[in-house]
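Student: Quick one: structure below, then a few questions.
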Amino acid sequence: MTCIFRLSYPKSATPQKDMPIAAIALSVGATVITSKQRDFCQVPRLSIEDGTLDS
């Protein structure tokens, strides 16, 4: 719960729906794989990977 509270600080650019995903990933040390990296890039210490596929 601490992670969600900290990420919901008003100056966070992370959309509300993505905060629980970021908090869970941080709590278990996981990498978030996403095509919308900008939604997660403001979360400190969160590991993010580009989820788009090259054709």
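Heads up: the sequence shown is residues 3 to 57, going by my numbering. Even glycine gets a Cβ: it sits at the ideal position worked out from N, Cα and C.
Is V45 helix, strand or coil when you go by DSSP?
Tutor: Coil.
Student: Let's see if you can read the secondary structure: which residues bound the beta strand (DSSP E) around T36?
Tutor: Here the beta strand (DSSP E) through T36 covers T33 to T36.
Student: Please name the residue, chosen from A32, T36, P17 and K38, that lies closest to R47 on a Cα-to-Cα basis.
Tutor: The residue with the shortest Cα to Cα distance from R47 is A32.
Student: Between which two residues does the alpha helix (DSSP H) holding P1 run?
Tutor: What is shown of the chain runs 3 to 57, which leaves residue 1 out entirely.
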